[in-house]
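**Q** If you scroll down you'll find the structure; I have some questions about it.
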Amino acid sequence: YLSSICQHVTQFWNMHPSLFLAALCLGIASAAPQQDHSLDAHWSQWKEAHGKLYDKDEEGWRRTVWERNMEMIEQHNQEYSQGEHSFTLAMNAFGDMTNEEFKQVLNDFKIQKHKKGKLFPAPLFAEVPSSVDWREQGYVTPVKDQVGLYSRSLSKSKGKRN
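Read in order, the letters of the sequence shown correspond to residues -31 to -1, 1 to 131 in mature numbering (1 follows the signal peptide of the UniProt record, and there is no 0).
In structure tokens:
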């Protein structure tokens, strides 16, 4: 069967090379992902909000991934409104990543295990303040930049910066 198809394609090529090339180009063009131009402004705002810069080759691919993720989020949230889920989703800085890329970033993220301190008995008759502001004591660290962590991890895996 396959050899029969190959013979027909070869015959068509020999008889009408320009028609064959035109049909091939139309097939390739129709297979290319089409972007939803109604999302152009939203895409630009999202890129600016998350500091995303792409070269021309990567821009189309990232936009396609972002649109697919946006569709998935909208579908999930529609199902949420129908009672099918207990949570909603929203677009974030990882919206231009495929599931595989996101999993790679998560695999590079190491959760720090905190070691337990030594136990010691508290004095029985010590005066205890009614409250303690641990920030003033220097025991609270600032919130870490998760997006910066993602950017550094991704640039290491790709060998370039965003």
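We put the CB at the ideal spot given by N, CA and C, even for glycine. These figures come from a predicted structure and were not determined experimentally.
Following the continuous alpha helix (DSSP H) through Ala18, name the residue where it begins and the one where it ends.
**A** The count along the sequence shown starts at 1 and reaches residue 18 at position 49. Membership of Ala18 in the alpha helix (DSSP H) is indicated by the continuous run Asp9 to Ala18.
**Q** Ordered along the chain, which non-local residues of its own chain (more than five positions away) have a Cβ less than 6 Å from that of residue 162?
**A** The structure shown does not extend to residue 162, since the chain is modelled only from -31 through 131, so no value can be given for it.
**Q** Compute the beta-carbon to beta-carbon distance between Trp35 and Gly64, rounded to the nearest angstrom, for a pair I have assumed lies under 8 Å.
**A** Your numbering for residue 35 matches position 66 in the sequence shown. Your numbering for residue 64 matches position 95 in the sequence shown. Going by Cβ atoms, the distance from Trp35 to Gly64 rounds to 5 Å, so yes, they are a contact pair.
**Q** Nearest to Asn38 by alpha carbon, out of Met66, Gly107, Val101 and Lys72?
**A** Locating residue 38 in the sequence shown gives position 69, counting from the first residue. Per the Cα distances, Met66.
**Q** List, from N- to C-terminal side, the alpha helix (DSSP H) runs of 4 residues or more that fit wholly inside the stretch 20 to 102.
**A** 25 to 50 and 68 to 77
**Q** Which residues in the same chain have their Cβ closer than 6 Å to the Cβ of His54, if we skip the five residues on either side of it in sequence?
**A** For the purposes of this step, residue 54 is taken as residue 85 along the sequence shown, with counting starting at 1. Short of 6 Å from the beta carbon of His54, and not among the five residues preceding or following it, lie these beta carbons of its own chain, in chain order: Glu48.
**Q** Buried or exposed: where does Arg32 fall if 16 or more other Cβ atoms within 10 Å of its Cβ makes it buried?
**A** On the sequence shown, position 63 is the one that residue 32 refers to. The residue in question, Arg32, is buried, as its Cβ has 16 or more Cβ neighbours within 10 Å.
**Q** Are the CB atoms of Trp15 and Met60 nearer to each other than 8 Å?
**A** Here residue 15 refers to the residue found at position 46 when the sequence shown is read from its first residue. Here residue 60 refers to the residue found at position 91 when the sequence shown is read from its first residue. In contact: Trp15 and Met60 (Cβ atoms closer than 8 Å).
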